[in-house]
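What follows is one structure encoded as structure tokens, with my remarks underneath.
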Amino acid sequence: MSDGPDLPPTGTGSAPDGLADARVLIVDDNRMNRHLLVAVLERGGITLIEQAENGHDALARMERFKPDIVLLDLMMPQMDGFEMCRQLRADPRWASLPVLVQSSLSRAEDRARAFAAGATDYVTKPINAVELMARVRIHLVKRAMLRDLECYRSRTEVELGLARAMQGRLLPGPERLAALEEATGVAIHAHFEPSSELGGDFWGIDHLPDGRIAVYLVDFSGHGVGAALNTFRLDAICRQIGSTALAPAEFLCTVNRRLCGLLPIGQFATMLTGLIDPAAGIFHYASAGSTAPMVWLPGDEAPRLGDGSGLPLGLLPSATYDCRQLPMPPGSRLFLYSDAAIEIRLDGGSHDVLDEHGLALLLARRLQDGDNVDNGGGSGDGARLLSGLLDDLHATGPIDDDLTALLLTRRG
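The sequence shown begins at 455 in my numbering and counts up by one.
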């Protein structure tokens, strides 16, 4: 309740583009002050204005009017401006609404109290109309920008959700894995954990007509949208080539040549592809800079490490790859994983990382756990083993990249 503003000359202002439809709520128990504020706003080009006499009256109008900014007096009957501001901020719908206090209270303590209650800005009476209008415009511009950002974020979240669902369909589903286990006696347990909304890892598996099982694991450089788009590219290539036509090393050579013509400079992928031959009890594989595969055989105390060396895909069209093998008799387990599992920093951020030998040690401990001993290679054993190993990884330190882990168990 106090002095009103000095009005600017007629016609000195107009609402900036996009602000002509801004909605302003004036809360002041002095009718003359309200009328003067209306005049200032209208001369500035803002005409969607609502008036309230106190905090109760203003709160009752909020839902219907939906203001873009509130001009709030502090000293009012029934509910003062301090309490109204607190109640506004307690409501998530108005948590970011600009509240410009205009009051005759000029002490630093009063200003601090107003800001503590949730005020956005503060001007003292008598109001300078030019300053008031400038502040109103600034807050309305910020409000409009925030709304644009919120709309963009909402739209992006929807689009990312659709992309996430599409990427999820690249991965083998539970029904397919169950059918493969029934047909081959190999149980497959998988875990995919993107570091952001979308990931650059993916994997695939196929039961070939000759009884062998083709499996591959891919990890694109980076993570997020760009890496995820590359997974779609590679999935299309793998489908075109087909799993049955080529040996692992030749398969990598073919994929590499295709990717070299598609990937932007600086982007690449690591990949391990292999064939499980149940009749021979061997895992034949080739690697393009992937992590070392691990195989545990019944009676072993620790898993055996394979060789993951090789030039990553997408760097050199003429790159060649070697054929390698690991034993995989009945009762054995094959563990494949992306590099996130061996790049976990130890001791909360030191330069030392878990590395492949540290991961093998964690896996060995889980294999020696009584709850995870081989009872025929059933699904329950593998699920418990993989879940426990993932718990160990998260307990080791934060995982900063996309994480994929595959556990394939041959029935004993």
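Beta carbons: idealized from backbone N, C-alpha and C, even for Gly.
Only a predicted model underlies this, so the values are computations on that prediction, with no experimental measurement involved.
Three-state secondary structure (DSSP) of residue i
| i | result |
| --- | --- |
| residue 658 | strand |
| residue 830 | No answer about residue 830 holds up, because its pLDDT of 49 lies below 50 and its placement is not dependable. |
| residue 748 | strand |
| residue 775 | coil |
| residue 604 | helix |
| residue 624 | coil |
| residue 574 | coil |
| residue 853 | coil |
| residue 795 | helix |
| residue 818 | helix |
| residue 491 | helix |
| residue 513 | helix |
| residue 634 | helix |
| residue 683 | helix |
| residue 717 | coil |
| residue 551 | coil |
| residue 526 | strand |
C-beta neighbour in chain E for residue i, strict 9 angstroms
| i | result |
| --- | --- |
| residue 633 | Structure shown: chain E not included; a single protein chain is present. |
Residue of the options minimising C-alpha distance to residue i
| i | options | result |
| --- | --- | --- |
| residue 770 | 787, 721, 731 | 721 |
| residue 688 | 519, 713, 718, 495 | 713 |
| residue 762 | 778, 754, 755, 751 | 778 |
| residue 775 | 807, 736, 820, 707 | 707 |
| residue 577 | 511, 555, 588 | 555 |
| residue 667 | 521, 659, 566 | 659 |
| residue 587 | 749, 539, 498 | 498 |
| residue 657 | 738, 754, 685 | 685 |
| residue 795 | 512, 649, 532, 515 | 649 |
| residue 593 | 745, 476, 625, 677 | 476 |
| residue 866 | 638, 535, 682, 716 | 638 |
| residue 510 | 491, 534, 494 | 534 |
| residue 751 | 590, 863, 643, 682 | 863 |
| residue 677 | 618, 490, 487, 806 | 618 |
| residue 675 | 743, 631, 634, 693 | 743 |
| residue 753 | 632, 478, 818 | 818 |
Residue i and residue j closer than 9 angstroms at C-beta
| i | j | result |
| --- | --- | --- |
| residue 679 | residue 614 | yes |
| residue 664 | residue 857 | no |
| residue 545 | residue 508 | no |
| residue 524 | residue 581 | no |
| residue 522 | residue 553 | no |
| residue 672 | residue 756 | no |
| residue 748 | residue 800 | no |
| residue 847 | residue 816 | yes |
| residue 701 | residue 729 | yes |
| residue 760 | residue 741 | yes |
| residue 474 | residue 500 | yes |
| residue 641 | residue 625 | no |
| residue 529 | residue 558 | yes |
| residue 716 | residue 682 | no |
| residue 540 | residue 571 | yes |
| residue 861 | residue 788 | yes |
| residue 536 | residue 561 | no |
| residue 542 | residue 495 | no |
| residue 867 | residue 505 | Here the chain comprises residues numbered 455 to 866, so residue 867 is not present and cannot be evaluated. |
Residue i versus residue j: straight-line alpha-carbon distance, rounded
| i | j | result |
| --- | --- | --- |
| residue 718 | residue 768 | 9 angstroms |
| residue 621 | residue 850 | 28 angstroms |
| residue 732 | residue 695 | 23 angstroms |
| residue 855 | residue 636 | 33 angstroms |
| residue 564 | residue 573 | 11 angstroms |
| residue 604 | residue 813 | 42 angstroms |
| residue 646 | residue 837 | 14 angstroms |
| residue 735 | residue 782 | 5 angstroms |
| residue 821 | residue 661 | 27 angstroms |
| residue 737 | residue 623 | 26 angstroms |
| residue 515 | residue 551 | 14 angstroms |
| residue 608 | residue 627 | 29 angstroms |
| residue 835 | residue 739 | 25 angstroms |
| residue 792 | residue 691 | 20 angstroms |
| residue 807 | residue 853 | 11 angstroms |
| residue 859 | residue 611 | 26 angstroms |
| residue 784 | residue 798 | 32 angstroms |
| residue 709 | residue 629 | 28 angstroms |
Cross-strand partners of residue i (DSSP beta bridge)
| i | result |
| --- | --- |
| residue 728 | 669, 739 |
| residue 780 | 737 |
| residue 646 | 858 |
| residue 504 | 479 |
| residue 864 | 640 |
| residue 691 | Per DSSP, none; premise fails for residue 691. |
| residue 557 | 578 |
| residue 767 | 723 |
| residue 543 | For residue 543, which the question treats as bridged, DSSP gives no partner whatsoever. |
| residue 569 | Its beta-bridge partners do not exist; DSSP assigns none. |
| residue 609 | In the DSSP output, where bridge partners are listed per residue, residue 609 has none listed. |
| residue 807 | 799 |
Heavy atom of the ligand MG within 8 angstroms of residue i beta-carbon
| i | result |
| --- | --- |
| residue 789 | In the structure shown, the ligand MG is absent, as is every other ligand, since no ligand is present at all. |
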